[in-house]
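Residue numbers (the numbering used here): -17 to 263.
Here's the structure we're looking at; comments come further down.
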Amino acid sequence: MAFEIDGLTFAAQEWGEPGKQPILALHGWLDNSASFYALAPRLHDVHLVAVDMAGHGQSSHRPGGAPYNIWEDVAEIFAIADQLAWEQFTLLGHSRGAIISMLAAGTFPQRISRLALIEGLLPEPTKMEDAPEQLARSILGLRTQASKPLSLYKDLSSAVKARERGMFPLSNAAAAALTERGVKGVPGGYQWSTDQRLLAPSAIKLTREHVQAFIARITAPIKLILAEGGIPKMFSGFQREVSVFPQVDVEVMPGGHHLHMEGEVDAVAASLNRFFEKTPL
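Put into structure tokens, the structure is as follows:
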């Protein structure tokens, strides 16, 4: 399954049948649509399409010096939904995908029926006076990534082992799912298919006021699942930032950042199924 948008190909995976509850699933930073391989089959009565975001998985890289700004992803989400003929749909997002989902729901609130978010809602807010330094870091980071050689793995199992030991540790099964969709065969072995430019700092970050403005426009019910060993542990102020938005239903579960891919997946699925049942389309 794939979508052609503005010269880019967006690969996707599909679970369920057309005519069921439409859900567009957005993965996290440096992951791909396999992020939902365990969760999607456990969701009831859904037609779920999980997309490899630009520069990830089997989707196209952005051309030339085109940046990976999250607002570009927002435009592409709605272009994909248009091709699916979905006027209204649910967004299921993990981490970076959850942040993009929030922005999308604030941009065109009439089109998003529900937000089901895992380990993400709002980016760490920045201050306006930090913008020049942030831009400088981004420019230098892009230069660094452009000159950096890609890692080469002699076989797939070596790449899986590397993925297990990433920023967020993964089980072998979860790492294998992401790796199989996130590598390309090259002479001598395998390399990640992810665009290295995604590793550079963002050129512009949102302020607290930006984030509040987007969330204030959201009309869809919001379910946010957090992991005890995930975002709240990494960013001590995250739950405080979220607490100012009474419309967000927050549930904290045991597990790590990728709890929806691990042993906690049944609990995550049960929570989301309850949310979907309480908030019919």
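Every residue gets a Cβ at the ideal spot worked out from N, C-alpha and C, and that includes glycine.
Next item on the list: Using the Cα positions of L152 and R145, report the straight-line distance between them to the nearest angstrom.
Entry: Stepping through the sequence shown from its first residue, residue 152 is reached at position 170. Stepping through the sequence shown from its first residue, residue 145 is reached at position 163. Each residue's Cα considered, the two are about 7 Å apart.
Next item on the list: With distances taken Cα to Cα, identify the nearest neighbour of S184 among T(-9), S120 and R222.
Entry: Residue 184 sits at position 202 when you count from the first residue of the sequence shown. If you compare the alpha carbons of T(-9), S120 and R222 with that of S184, the shortest gap goes to S120.
Notebook entry, point to check: Would you call the stretch 170 to 180 and the stretch 127 to 139 in contact, with 3 or more CB pairs under 8 Å?
Noted result: Result yes; three or more Cβ-Cβ pairs closer than 8 Å.
Notebook entry, point to check: Are the stretch 207 to 223 and the stretch 109 to 124 touching by the rule of at least three beta carbon pairs closer than 8 Å?
Noted result: No, the stretch 207 to 223 does not touch the stretch 109 to 124.
Next item on the list: List the endpoints of the continuous alpha helix (DSSP H) containing G164.
Entry: On the sequence shown, position 182 is the one that residue 164 refers to. In the DSSP assignment, G164 falls within the unbroken alpha helix (DSSP H) covering N154 to G164.
Check: To the nearest angstrom, how far is it from the Cα of A(-7) to the Cα of P45?
Finding: Along the sequence shown, one-based indexing puts residue -7 at 11. Along the sequence shown, one-based indexing puts residue 45 at 63. One Cα belongs to A(-7), the other to P45, and the distance between them is close to 17 Å.
Note to self: Here's the rule: buried if 16 or more other CB atoms are within 10 angstroms of the residue's CB, otherwise exposed. What is Q(-5)?
What the structure shows: Residue mapping note: residue -5 aligns to position 13 of the sequence shown, counting from 1. Result: buried.
Notebook entry, point to check: So, are the CB atoms of F103 and I81 less than 8 Å apart?
Noted result: As a first step, residue 103 must be located in the sequence shown, where it is residue number 121. As a first step, residue 81 must be located in the sequence shown, where it is residue number 99. First, the residue type needs correcting, since residue 103 is Leu and not Phe in the sequence shown. The criterion of a C-beta distance shorter than 8 Å is satisfied by L103 and I81.
Notebook entry, point to check: For the candidate residues P169, V28, G148 and A141, whose alpha-carbon lies nearest to that of A158?
Noted result: The residue given as residue 158 occupies position 176 in the sequence shown. The residue with the shortest Cα to Cα distance from A158 is A141.
Check: Hey, how far is the Cα of Y50 from the Cα of L(-10)?
Finding: Here residue 50 corresponds to residue number 68 of the sequence shown, with the count starting at 1. Here residue -10 corresponds to residue number 8 of the sequence shown, with the count starting at 1. Cα atoms of Y50 and L(-10): separation of roughly 13 Å, rounded to the nearest angstrom.
Next item on the list: Express the C-alpha separation of R190 and D(-12) in angstroms, rounding to a whole number.
Entry: In the sequence shown, counting from the first residue as 1, residue -12 sits at position 6. In the sequence shown, counting from the first residue as 1, residue 190 sits at position 208. Cα-Cα distance, rounded: 31 Å.
Next item on the list: Could you check what DSSP says for S17 in three-state terms: helix, strand or coil?
Entry: On the sequence shown, position 35 is the one that residue 17 refers to. Looking at S17 - three-state DSSP - the assignment turns out to be helix.
Item checked: Cutoff 6 Å; reference L188; Cβ partners in own chain excluding five residues on either side -> Position 206 of the sequence shown, counted from the start, is the residue given in the question as residue 188. Closer than 6 Å at the Cβ level, and outside the excluded window around L188, lie P105.
Notebook entry, point to check: Which first and last residues belong to the beta strand (DSSP E) in which V4 is found?
Noted result: Stepping through the sequence shown from its first residue, residue 4 is reached at position 22. A quick correction: the sequence has Pro, not Val, at residue 4. Segment Q3 to L8, the beta strand (DSSP E) holding P4.
Margin query: According to DSSP, is T89 part of a helix, a strand, or is it coil?
Written below: Taking the sequence shown and counting its residues from 1, the one referred to as residue 89 is at position 107. Helix.
Notebook entry, point to check: Can the beta-carbon of R163 be found closer than 8 Å to that of S15?
Noted result: Reading the sequence shown from its first residue, position 181 is the one you call residue 163. Reading the sequence shown from its first residue, position 33 is the one you call residue 15. It is a contact, given that the beta carbons lie within the stated cut-off.
Notebook entry, point to check: Given D34, which residues of its chain have a CB within under 7 Å of its CB, disregarding the five upstream and five downstream residues?
Noted result: Here residue 34 refers to the residue found at position 52 when the sequence shown is read from its first residue. Closer than 7 Å at Cβ, skipping near neighbours: F(-8), A(-7), A(-6), N14, S15, Q40 and S41.
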